[in-house]
Every structure is written in C-alpha cells, then in structure tokens.
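Using this note's numbering, read the sequence shown as starting at 179 and increasing by one per residue. Note that CB positions come from ideal geometry on N, CA and C, so glycine has one too.
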Amino acid sequence: MNSKKHFLLAIFSLFTMAIFAQSYQVSGTVTDADNQPLPGVSVTIEGTSRGTTTDFDGKYIIKVESSENLIFSYVGFNDKKLQMDGTKVFNVVLVSGVSLNEVVVIGSRNPNRTAVDTAVPVDIIDITELITAGPQVNLNQILNYVAPSFTSNTQTISDGTDHIDPASLRGLGPDQVLVLINGKRRHNSSLVNVNGTFGRGSVGTDLNAIPAAAIERIEVLRDGAAAQYGSDAIAGVINIVLKRSTNELTLNVTTGAYYSKNSNDQTGGNDGQTTNVSANYGLQLGDKGGFLNFTGDFDVRDPYSRMKEFEGGIFNKYNTIERIANDAGYDITNLLDNDVSDVIQYGNQAGFGLDLGATKSELQDILIADNTTAELTARNQVRSDYNMRVGQSGLRGGRFFANLSLPLNDDGTELYSFVGLSSRKGNSAGFYRLPSQNRTYTPAYINGFLPEINSTITDKSFAVGIKGKVSDWDIDFSNSYGKNEFLYTIGNTFNASMQGASPTTFDAGGFSFAQNTTNLDISKFYEDSMSGVNVAFGAEYRVETYEIYAGELGSYAQFTADGQVITTPSQDPSVDFFDRARPGGSQVFPGFSPANELSRGRSSVAGYLDVEADITESFLLSGAVRYEDYSDFGSTTNIKIATRIKAGENTNIRAAFNTGFRAPSLHQLNFNSTSTIFDQDGNPIEVGTFSNDSRAAKLLGIPQLKEETSRSISAGFTSKMPEAHITLTVDGYWVGIDDRVIYTGRFSGPGTGTELDNLLAQANAGAAAFFANAIDTESRGLDIVITHDAMLGDNAKLKTDLAATFSKTNRVGNIHASQVLIDAGKVDTYFDESSRVYLEEAVPGTKINLSHSLTTDKFNIFLRNVYFGEVTEATTDLDRQQVFGTKVVTDLSFGYKVSESTTITVGANNLFDIEPDRAAIEFSDGGTNRSSGRFDWSRRAQQFGVGGRFLFARLNFVLK
C-alpha cells in the first residue's frame, strides 16, 4: 500500500427492528458532499469478494444478508461502512479524503479488488495531495521522493539524457517498467541512453511529458506482470489514472530556486529558478455522469552549475603567440601554414627566444608546453572563466491533457478518450573546448567555447475506446496512439575540420518513436461460482515505428584542408598547428548522417487469459497466460500464478510466481550514431554506436539481439489494525533475468588500416560500441510500507507513512561472449567494469521514506525525511570506484488556507542543504575522478542530485 493513501473508517450503525438472516436486495445512490453522483464507487460486502460498482448516476444494486456490512470506497474519499438491518434503500454521502481501500486498475482484472486485497503489492499514490504540499512539480521527482522502489534523477553532461530523466523500479532498468495511462499502454521515449548514466543502453518512458495536475492517482504494481500486460513489465507496472472531476477549477502557481552554499559555481546565493503554472477544469457532459476534464501546464527551469573552478591546462605557448598576433591585428589563420616566420616573430615578441631558423617540427615541441598561468594573467582572466555547466539543464515547455467519458445509454455503455500533447525545449552544455585543444579552431574562438545542446522534444498521444456490457460480459475495445520526437540543434559550436568555413549552429537531426496499440478486453464476474470468479481474456495488436533523421552536412562530416568531405580512408582531415587531426561534426554532439538515417517498424499480436477465483472467502487463486508473437522475434508464452490467503480478519498473506520477457526495443536494434564521450580524466573520444547487424558487429563477433526472459517470485503479507489506524505491508521478491541487454564497452581498431579501422573512420569515430545480450542478472529485495492516521482533537488529522525498500542486483554466471571475443581477449570490454557498477551500484539499493502530514481546517504542515543508501562511482578503474555514503534529505512545507478557495504554501526540498559526498581529491594510485576539477560530485552515480536546498512558494486556487 502506498505512503500517501490511508484507510479511514467511519462506522454508522443503524439499530432498528430485529435482524433477519435472509438475503434481500439493497439499492441506493452514492453522492459527494455537493450532492453530485459518484460513478464507479466500489460497493463490497465486508469479508467477502462479492460486490458491485455504482453506475453513471451513482446508483447501485446489491444482494446482501442481514447483519452483513457494506463498504463504500472511492478514489479521493474516505470509506464508509454500513451495517445491514433489513432496510432496502441506503443513500450514501462520501466525504472527501484519501483511502487505501480503493479499487485498483492494475494487478487484478477483478472489478471489485482493492489494493489491500490484491495478491501482489500495489501502491496507490494520491498526486493531488502531493502537488499541493510537496516541493516537486514534475512527475519523475514526485515519484522519486514518495515511492521508495522508484528511482529517478536529473542527469548532467549526458547529451540528450540531460533532458529526459531515466527512471527505474526495484533497481531494474528503465525499459523493464511498463507505463499505462488509464490502463492503456503508454509509448516509450525516442531517446536511448548511451552516455554515462544509470540505465545506459536502455529506453524508458518520458513521464515528465505528463502534467502532474492532470493526474488523480498513480498505481504502482511492484511485481512482474508480463503475462498480464506484455513486454516491458518485468519490474512492474505504473498506471497513471487521469482526473475525472467536473465543475471545479484548480489553479496552481509554483515558483522556487536553489538557495545553497554551492549555488553559482559554489559561491552561494541562489540559482536554478523554476516556475510552474498549471490549471485543471472539468465539464459535466449530459446527465448520466459524463465529463470532459482539461489540464494545461507550463513551466520554465533555469540551468544551474556546481563546478567551482577548472584546474587543468588551458593554454599552451602557441596560444600566447595567437593572442599577441591577434592583438597586433594579424590574421592568425596565417599562423597555421607551413611558413613559420610569423610564428617565430610573434613568439619572440612573447619572449620565447625562438631560433630564427627553427623548423615547424622543432617549434611544435617547444610551443606545445603549457602556459596557462601566464596567459590567464595576460588575458585578465581566471580559471572559472573556463568552467562547464555541471548541473541541471534549462527547460521550457508546455503540456496539455484531456480526459473524456461519455455514457451512451443507461446500461453502462461508455465512449471514452484521452489525449496528450507536450512540447519542451531544453538547453544543456557539454565539456568546455579549450584553446589548446585540436577541437578548437582558435581563429573563430580564441578563448575556446562552451558548446550547447538545444533539444526540441514533442510528445503526442491519443486514445479512444468504447466499453459496455454484452450478455453480462464487460467489453472494452480501444485504440491508443503515441509518438515521441527528439530533435537536436547544436549551438555555440564548430566543426573544427571545416576551419573558417564552419557555422556556429547546426541542425544535427534527431529521432522519433511511434506506437499504435489496439486492445480488446472481455471479462465477467461470476458471483455465484465458489466465492466469486472473475474471467478475463483479450487480444492486442501493436505496431511500432522508429526513425532517425539526418542532420545537415557540416553537423556530421569531416573535411580535408581544402574543404572536401572525407569519404575514403586515403583522404586526410585538416590539422591544427601541431598536425593533430581536427575532428569533424558539430562539437559536443555530432549530427546524424544519411548513413545513420533509417525508418524501421515491427508489429506484434498477443492474446491472454486471466482467471481470478475466490476459492473460499479466505483463499484467492489467480492465474494468467499470455501468448505474444513479434514480427521480428517470433513468439513467447508467459504465465503468472498468484494467491492470497486471509489469515485473519485483518491479515492477508500473498505470493506470486511469473515468467516474463522484454523484446529489445527498435531503438536498441537500430540506433546508430557517433557521439563524443569523455573518459574519467576528461579526455574525449568519438564513439560510434553500431547496430548488431552491421559489418563492425560481425567482425567483432557481436551476436544478434534477442529477447530478455525473466522469472520472478514474490511473497508477503498485509495487516490492518483498525483500532490503531495502522496498515502494514511487507513484500519480498526475487527476479532473475536472462540475456539482459546492455550497452557494451568501447572497442578500438588496431590502427593498422584493417577493415574495422576503416569502418570506424567512415563513422568519424575512434571506437565502437553495441547493444548486446551480454549477461544474466538476479535482483532481490524487500519492500515495507506502514501507514497510520490519527485525529488530534476535533479538526486536526495527522497522517504518517513509513515506506522502505531494500534491493540488490547482481550479474550471475558467465558473460555471454562469442568465441571471437574470447579469442581476441575482449570479454572485459564487452561487459566492462563500469557497466557492472551502473547495473549493481550506481543507484541506492536502500531508500526509506518517512512522511508526516498534519491538516486542520485552516493550515497543513508537511514533513518528509528520505534516507538514500550508498552508491558507487561507475569507472573501469577499480582503485577509483569511490563509495558515496548514505544521506537523509528533509522536505518541509507550511500551507495556510486564506479562504475557502485559496491556499498559500511555502516550503523547502532538502531543507538542510545536504550534499552527496564529494569526489576524492586523490586515490591510492595518484589519480582522481574529478576530471581536473570539473566534477566535485559524481556525474555517474546519483542519489538525489547536487542542487542543494530548494525553496518554493505555491498559490493554490480552487473554485467550485
């Protein structure tokens, strides 16, 4: 159960005439405090699996026996329990609140199953409460702080991953979590993570494309569910339930900034200002409970940097000559030719005492020497002028969502739809290109430059369906479509090989992913079979398309000195004064070339059967089987078996076993590109990502990709203590994954003109990497959730939630390397040590969340402490795998209700300005992970980010 849902019971006992132990029919209407009917309210008979739900007019009919209790449960309202006494009409008014006994969409297809009674663990997260009291406004960060099994952090210096945060459940990969909206499959992002972050090599779902203000609740199924929902559901399922409210306008304005001792390059003050404005409004359609709910959302986020000062070399003596010549009005491009007389002239003006007859080769040996200290003084500069932007990227975007339900008759037939549209523009920076590097064409950037990645991310989704009853069977037929597109514009950059002909801005191309899913779901609940049996079956047809778009020529090509595009190994690129080859493509992010451009598609068809039976009132058994066939992989069959035993009136024991699979994404199958990767010391290398059907893959013995397969077991119990108002859940799990897809280490050619060398040269790359089914893994863990609520006096309510997760993932068995790799001694490159750390130790294995919420008629106080476990630096150097210690981050907010419609909240995330452990200054081998002062904190292992204290203020306006 979830740290934000609470089980409040109000007992209304009606004592009248004598109680007769006989069956009879009870009916009535369920409304809210404003006398508005509530459709979909769960009406269950306490202690049994029998129940029903209210129709669009809030009406219900159910057969009961005298002395039985009816439980009325609905999302966002407190439960109500009524004792049956022979009265045949009960009209019920539910009071707004939060309840744990809510009917869930995921984990069970039984329409009456609540989160407390499921055979697998399901968290229910009340988003409305969190966006009112909590400091976080985007969905990834909300879940990161409220759901211990969920991990997501903003990345830095990671290309496109700076703009879309990777997220995981139970420590597994971002692509091993299935995301649903209103129970329908959500499309993935078009971005594949290939830079140095957790989740490297994976493809996740862009949760930040969904405005939090559009969400009523989130259901997190913490158990494998591939047999129920298909590919990706190895770690679990996140179902986002959109708002259904009508005749209510909700407006939130949140603004804040980081007030940290480390703000503004560790000088203090404030930075990273963020503003979010959201509005939600719903219209009532007809008189049968129809609605149309709209949400609009806009936010702007300024970047921040946490780099103090660059400590490495910036200038050499040749840069000094350039400065003196430039100050004299000389065209410094002439310094690059083979006539070195001008170099000697200005070098001697600098006091270098150069031999007038020195050759270029002799000058190169002299002028390569570092001259940073003197040159900084001469240019009236300081080292921090050459800082990178190490921290969050800038973002500006808007989102729109709509949710529609339109009843078509009085028999429950409903037309429904939801649509989403988001657009975000991001800005992040890469490594500073220094004047002394061959990547910097100093006649254009005499002081070097900080290149920028500008992204345009658009996300579109549309779903429509119809559901109703046919001969007592519930039918749901739907189609959902989604597309995510990611385009790159590289600014303040240069193609060094083009020399003076290079522009400073490039269209670098991009990629997109589209998915269309058609579902038919059929189910029926047999009330009179055993103690209730639910039978569900259905089919799914899914079509996916992945595309890569080429950028402009200069964004990817390497040029010769006379401006010709290099297409053959015999051509030489332009060089700098030291005869170092100038790299091609736009600096920081080389564009996609026509050779990368592609459009690939596939389809899959699936069928499933899902049966859930209450064998007795205390014994639940469920089973599911799903067959799925992919056009590019063949077929797979997966099963799930789960059970729940009522060990007492308030205690359930539950367990599940399932098999699962994840088909490699189209991105992993087809992504190919060249990107600039910087190693732990800040040295750049162009790495080409090649597909597994490429010639490079064949030469190295990289096999074709195949599906991941999994087995998982979970067991636990739930316990309610009504008198103490406490609910406890404990669940342990084990997940084994075979043939897990990873992103390999970097393979270099021998440099002797081999075919591999030539292939790398054609890709403008110095090394190659691939996606591969390289390893098997095991994950195990324990999730604990305790919730408590108490009334303090007549109008104060205190809610306390403790949620903890303890997880560990390890590689097991041998690395799945081909004989070619074994013979070449490349197994440790295929799955290198940094890949192991990303998999096993780069995110916290332990996370504990303790939150308190005190609410009265006029004010609320929200206090949350989150414990983050240790993480390890992801590097191939064993001596430098620094372990970063545990931390506790505190959130605190105060809200005051100015009027019935207006609430003002102020507060802080990371109140005490806690920072992760800093990177060690020096290790035993004399090295460091700080990259010459660029990274005082790890960029490869994240707990909660390096932003520090964030202070915010929020205006909440609700008009009914």
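Beta-carbon contacts of residue i that lie in its chain and below 6 Å, excluding the five residues immediately before and after
| i | result |
| --- | --- |
| P629 | G608, N670, T671, Q765 and V766 |
| A1098 | Q1060 |
| P747 | N936 and A939 |
| F1071 | The question names Phe, yet the displayed sequence has Ser at residue 1071. Here the set comprises A311, F1040, T1083 and G1085. |
| R291 | Residue placement at R291 cannot be trusted, given a pLDDT of 46 that sits under 50; what the coordinates show is reported in the next sentence. Result list for R291: empty, nothing under 6 Å. |
Straight-line gap, residue i to residue j (C-alpha atoms, nearest Å)
| i | j | result |
| --- | --- | --- |
| T453 | L1133 | 12 Å |
| I962 | W651 | 37 Å |
| S633 | S368 | 13 Å |
| V1136 | Y202 | 43 Å |
| E901 | N951 | 52 Å |
| G449 | G572 | Note that residue 449 is Asp in the sequence shown, not Gly. Looking at the two C-alpha atoms, the distance is approximately 11 Å. |
| G1152 | N830 | Absent from the structure is residue 1152, since the part of the chain shown begins at 179 and ends at 1138. |
| L1028 | L427 | 32 Å |
| D1010 | R873 | 22 Å |
| A160 | A802 | Because the chain is modelled from 179 through 1138, residue 160 falls outside the range shown and cannot be assessed. |
| D465 | L584 | 10 Å |
| S1109 | T329 | 26 Å |
| G660 | V372 | 23 Å |
| N256 | A773 | 59 Å |
| R561 | R611 | 14 Å |
| V270 | D301 | 27 Å |
| N316 | N836 | 32 Å |
| V298 | S690 | 35 Å |
| S926 | V1049 | 30 Å |
| I653 | I964 | 37 Å |
| G446 | G434 | 16 Å |
| S606 | F1113 | 16 Å |
CB contact flag (residue i, residue j, <8 Å)
| i | j | result |
| --- | --- | --- |
| D685 | N662 | no |
| G762 | Q736 | yes |
| L976 | H1030 | yes |
| A411 | L461 | no |
| N497 | S456 | no |
| F755 | L934 | no |
| T696 | E730 | no |
| E775 | P842 | no |
| T550 | F493 | yes |
| L877 | Q846 | no |
| A1020 | A1052 | yes |
Three-state class that DSSP yields for residue i in the structure shown
| i | result |
| --- | --- |
| T424 | coil |
| S539 | helix |
| Y619 | coil |
| D475 | strand |
| R1117 | coil |
| A674 | helix |
| P1022 | coil |
| Y1016 | helix |
| T907 | strand |
| I223 | strand |
| Y482 | coil |
| Q1141 | It is not possible to answer for residue 1141, since the shown part of the chain is limited to 179 through 1138. |
| K1138 | coil |
| I499 | helix |
| T310 | helix |
Close beta carbons around residue i, own chain, < 8 Å, minus the five adjacent residues each side
| i | result |
| --- | --- |
| R1127 | Y436, Y437, S438, A1086, N1087, N1088, L1089, F1090 and D1091 |
Residue i Cβ short of 7 Å to the ligand ADP heavy atom set
| i | result |
| --- | --- |
| P1022 | Here there are no bound small molecules, and the ligand ADP is not part of this structure. |
Spatial neighbours of residue i in its chain, beta-carbon cut-off 7 Å, leaving aside the 5 residues before and after
| i | result |
| --- | --- |
| G590 | D233, G646 and K647 |
| P389 | S456, T473, D475, R577 and F579 |
| L463 | F469, L470 and L584 |
| N512 | D520 |
| V283 | Per-residue confidence for V283 stands at a pLDDT of 48, beneath the threshold of 50, marking its modelled position as unreliable; the derived number appears in the next sentence. Hits under 7 Å: G361, E397, N417 and V419. |
Along the chain, which unbroken stretches of the beta strand (DSSP E) at least 3 residues long are found entirely within the stretch 399 to 448? Those beta strand (DSSP E) runs which fall completely within the stretch 399 to 448 and span 3+ residues are 414 to 420 and 427 to 437.
In chain order, what are the residue ranges of uninterrupted alpha helix (DSSP H) at least 4 long that sit wholly in the stretch 549 to 612? Complete alpha helix (DSSP H) runs here, min 4: 550 to 556.
Identify every run of the beta strand (DSSP E) within the stretch 1003 to 1082, keeping only runs that are complete inside it and at least 3 residues long; order them along the chain. Secondary structure remark: continuous beta strand (DSSP E) runs of at least 3 residues inside the stretch 1003 to 1082, in chain order: 1024 to 1033, 1037 to 1046 and 1065 to 1075.
Report the start-end ranges of each alpha helix (DSSP H) in the stretch 778 to 861 that is 4 residues or longer and not cut off at the edges. Here the runs fully enclosed are 844 to 848.
Runs of alpha helix (DSSP H) wholly within the stretch 922 to 990 (minimum 4 residues, chain order): Runs of the alpha helix (DSSP H) inside the stretch 922 to 990: 933 to 940.
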